[in-house]
Amino acid sequence: MTKLIKAIAVIGILFIAGCKDAYFADGGNAPVDQSGVLGVSTMDYLESNKASFDTLARLIKLTGLEAEVNAKGNTFFAPRDYSIHNYFKLLYPDPEKRPATLEEIPQEEMDLIKLMLENYIIPDKEIVRGSLATTYSYATTYGDRKARFNIVTQDYLGNVNMGAKYIVFSLNVSPPGLPDRYQAVQVVTADLHSTNGVVHILDSNTHILGFN
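Once you know that position 87 of the sequence shown is 748 in the working numbering, the rest is easy, because the numbers rise by one and skip nothing.
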């Protein structure tokens, strides 16, 4: 009986520890402490996580958006490198014609990438999961596009709205003068607090840079 009680206690401790590890993760564990505080700027965080954001961080610098990403009080929705690489596959379907380095991308294409990256920056507004609801909240991106945010709850084992809750970030991709048309992407890790603002990490399995 004593051994059984000890075994149950160990399982309970492991379960609690597992819950803590996933507390700030929307579909994946966040590589930060339990408070969600990064302790560094948004750019420093991206540059220190090369496996996920090396290409993103380099493009931010090449397009001159480092100050905007690091601006006080903003929110940055970070697309992973996989989303960027898939964009380059669309842009250059023939691998032989792809630039060998980011620095070799033609200026015309780099200008377009800059416009895309601007729409992942929400200036002067810290968007966190606790401030959102199932109804839409709206903001304007640094690229002057309308964006909206809401919470979606998944079903769990057949129970409606009993599963994990996710932030959904949607961007109006319609040209000016046409009816709004939003493309959505799910946040997989939410509420990371840098020294200048808030960072959310986007789902790279379904999202391509620029909402393509």
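Backbone N, C-alpha and C define an ideal beta-carbon position, used for all residues, glycine too.
Asked: Quick check: what's the CA-CA separation for S744 versus I812?; Found: 22 Å
Asked: Confirm, please, whether the CB-CB distance from I783 to A794 is below 9 Å.; Found: no
Asked: Looking only at its own chain, which residues have a Cβ that is under 7 Å from the Cβ of K777, when we skip the five neighbours before and after it?; Found: The question names Lys, but residue 777 is Met in the sequence shown. The residues are L870 and G871.
Asked: Can you name, in chain order, every residue of its own chain whose Cβ lies under 7 Å from the Cβ of T703, other than the five neighbours on each side?; Found: V730, N731, F737, S855, N857, G858 and V860
Asked: Which partner residues does K826 have in the DSSP bridge list?; Found: T814
Asked: When the Cα atoms are used, what is the spatial distance from D715 to L707?; Found: 7 Å
Asked: Give the DSSP-derived three-state secondary structure of Y753 in the structure shown.; Found: coil
Asked: Quick one: Cα of P754 to Cα of E727, how far?; Found: 29 Å
Asked: Can you give me the C-alpha to C-alpha distance between V834 and N873, rounded to a whole angstrom?; Found: 9 Å
Asked: How close, in whole Å, do the beta carbons of K807 and D785 come, if the pair is a contact with beta carbons under 8 Å?; Found: Their Cβ separation, rounded to whole angstroms, is 16 Å, which puts K807 and D785 out of contact at 8 Å.
Asked: Can you name, in chain order, every residue of its own chain whose Cβ lies under 7 Å from the Cβ of G804, other than the five neighbours on each side?; Found: L776, E779 and N780
Asked: Are the beta-carbon atoms of L832 and V848 separated by less than 9 Å?; Found: no
Asked: What's the gap between the Cα of P756 and the Cα of K722?; Found: 24 Å
Asked: Can you tell me the Cα-Cα spacing of A845 and V829, whole angstroms?; Found: 6 Å
Asked: Please look up how many angstroms separate the CB atoms of L853 and G697, rounded, as I've assumed it's under 8 Å.; Found: 6 Å
Asked: Considering Y781, what are the terminal residues of the alpha helix (DSSP H) in which it resides?; Found: Premise fails: Y781 is in no alpha helix (DSSP H) and is neither H nor E.
Asked: Got a sec, what are the start and stop residues for the beta strand (DSSP E) V849 sits in?; Found: Y843 to H854
Asked: Should N866 go down as buried or exposed, given a rule of 16 or more other Cβ atoms within 10 Å for buried?; Found: exposed
Asked: Any idea if H868 is buried or exposed, counting beta-carbon neighbours within 10 angstroms, 16 or more meaning buried?; Found: buried
Asked: Out of curiosity, what's the CA-to-CA distance linking K758 and K750?; Found: 10 Å
Asked: Starting from V730 and walking both ways along the alpha helix (DSSP H), at which residues does that stretch end?; Found: E727 to V730
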